[in-house]
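Following our numbering, the residues of the sequence shown are numbered contiguously, the last one being 367. Heads up: the structure comes next, in structure tokens.
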Amino acid sequence: MATTATEYVMEPDGPVPHNASEYITGMVTPLYITVIFIIHWPLWILNVGGNSLVVLAVYRERNLRRPTYALIAALATADLVFALFAYPPSIYAVIVENRYTCAIGTRKYFFVLTYVCASASFFHIMAITFERFIGVSKPLRYHEIVTMRRIVCLETFIWTTSLLLGATAVFKKSGNDPMRPVCKRATTSSLFSLVSFLLLSVGFLVITLVYLHIYRIAKRHWRDMQAERKKALALGNKKTQNFDSQTSSDDTQFKATKTIGIIIVFFVICWLPTATRYFFEGIGASVSISWTTWILVKRSSETFWLLNGVINPLVYARRNSQFRHAFKDIIKCSVKRYTCKTESESRRYSLTTWKGRPSLTSNTTLP
Numbered sequence: 001m002a003t004t005a006t007e008y009v010m011e012p013d014g015p016v017p018h019n020a021s022e023y024i025t026g027m028v029t030p031l032y033i034t035v036i037f038i039i040h041w042p043l044w045i046l047n048v049g050g051n052s053l054v055v056l057a058v059y060r061e062r063n064l065r066r067p068t069y070a071l072i073a074a075l076a077t078a079d080l081v082f083a084l085f086a087y088p089p090s091i092y093a094v095i096v097e098n099r100y101t102c103a104i105g106t107r108k109y110f111f112v113l114t115y116v117c118a119s120a121s122f123f124h125i126m127a128i129t130f131e132r133f134i135g136v137s138k139p140l141r142y143h144e145i146v147t148m149r150r151i152v153c154l155e156t157f158i159w160t161t162s163l164l165l166g167a168t169a170v171f172k173k174s175g176n177d178p179m180r181p182v183c184k185r186a187t188t189s190s191l192f193s194l195v196s197f198l199l200l201s202v203g204f205l206v207i208t209l210v211y212l213h214i215y216r217i218a219k220r221h222w223r224d225m226q227a228e229r230k231k232a233l234a235l236g237n238k239k240t241q242n243f244d245s246q247t248s249s250d251d252t253q254f255k256a257t258k259t260i261g262i263i264i265v266f267f268v269i270c271w272l273p274t275a276t277r278y279f280f281e282g283i284g285a286s287v288s289i290s291w292t293t294w295i296l297v298k299r300s301s302e303t304f305w306l307l308n309g310v311i312n313p314l315v316y317a318r319r320n321s322q323f324r325h326a327f328k329d330i331i332k333c334s335v336k337r338y339t340c341k342t343e344s345e346s347r348r349y350s351l352t353t354w355k356g357r358p359s360l361t362s363n364t365t366l367p
């Protein structure tokens, strides 16, 4: 009898088996999948197309082969990698529910690349912000400090750090039962969510403060140059022409600073839902929210990730004439099935189709 009692209280050493129905939430319906497809598919196409244009433009056009544009191309690459390689497995885990996509021990693998690309995008925004800070605060030493070699080293650091951060999501403890269903639970690792929220919040604060300082310096310098130009009007045409040339350069730099500011604003807006989600998960408030509402919150934050990758190329095309003309050239070459392998071929093709248009290879600043 004692032996029987001992056998009764013993627990199995392995994981507890789960029924297939425990992995099904009931949320994944044809309507649910259709709505995700209608919203995400156009954003995915625009994300891939727009960021591909940015990378190709910087690669092909000599005037865009500068540190600032190299960082912009690197940011576009991170968004492109997310759309091509991170988004498919993550969306698969969202619309397919089974013992692999909904088990605590295996679900995290579907989102590893998402964490890596998200971290890379965040670090690139910070890198672009500090690059502009150096350009505005130390213009005479800019070319000495910001070199392509250091940009390459920075890229190595960014992607290595992003991979390590992504690995933390994989090596999170899954408990004693790695096959435990989690799709029906509105919770995640509180520590991971809280750390993610703190990192995003500190990053937002640093980026915002640094950019506001950049904008004040750039605006003050631009106003000083405008005042000097007005004084130079009384000194003769030669002096005025010199200031006109300097003013044109300052106007370009000031416009570039405002463009980066627009990119930062959209980045913060698009990542704010994710930071908010991490905050509620970190403090455990997600448990008190209905499961349907929490699913909508998660899908909305993921949609904003895609949207951010779509907005950046549109801002470049709207604010930068060099990007705009480069995009047009690349699209024309693709539509006409004309292989523009080199910049000279692209230029000849552009001059043939658009007579009188400024050349991208000239030293003249495009309007």
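Each residue gets a CB set at the ideal place from its N, CA and C atoms; glycine is no exception.
If you measure between the beta carbons of residue i and residue j, is that distance less than 8 angstroms?
i: LEU71; j: ILE128; result: yes
i: SER162; j: ALA120; result: yes
i: GLY309; j: ALA83; result: yes
i: TYR23; j: GLU97; result: yes
i: SER90; j: THR114; result: yes
i: HIS18; j: PRO181; result: yes
i: VAL112; j: VAL58; result: no
i: ILE125; j: ILE264; result: yes
i: THR152; j: ILE134; result: Here residue 152 turns out to be Val, not Thr, going by the sequence shown. The answer is no: Cβ separation not under 8 angstroms.
i: ILE311; j: PHE280; result: no
Tell me whether residue i sits in a helix, a strand or coil according to DSSP, three-state version.
i: PRO313; result: helix
i: PRO178; result: coil
i: THR342; result: At THR342, the pLDDT of 49 sits below 50, so the modelled position is not reliable; the number obtained from the coordinates is stated separately. Coil at THR342, not helix or strand.
i: ASN320; result: coil
i: THR29; result: coil
i: ARG66; result: coil
i: ARG141; result: coil
i: HIS18; result: coil
i: ILE289; result: coil
i: VAL335; result: helix
i: THR147; result: coil
i: ILE207; result: helix
i: GLY284; result: coil
I need the straight-line Cα distance from residue i to residue j, nearest angstrom please.
i: ARG277; j: ARG319; result: 32 angstroms
i: ARG99; j: ALA275; result: 29 angstroms
i: ASP329; j: ARG62; result: 14 angstroms
i: ALA256; j: THR101; result: 44 angstroms
i: LEU64; j: THR77; result: 15 angstroms
i: TYR87; j: ARG223; result: 45 angstroms
i: ILE38; j: ARG132; result: 38 angstroms
i: ASN47; j: TRP41; result: 10 angstroms
i: ARG66; j: MET148; result: 8 angstroms
i: PHE254; j: TYR211; result: 13 angstroms
i: PHE123; j: SER196; result: 14 angstroms
Name the DSSP beta bridge partners of residue i, please?
i: ALA103; result: PRO181
So residue i and residue j are in contact, right, with Cβ under 8 angstroms, and what is the actual spacing, rounded?
i: GLY282; j: SER201; result: Their Cβ separation, rounded to whole angstroms, is 11 angstroms, which puts GLY282 and SER201 out of contact at 8 angstroms.
i: ILE262; j: VAL315; result: 5 angstroms
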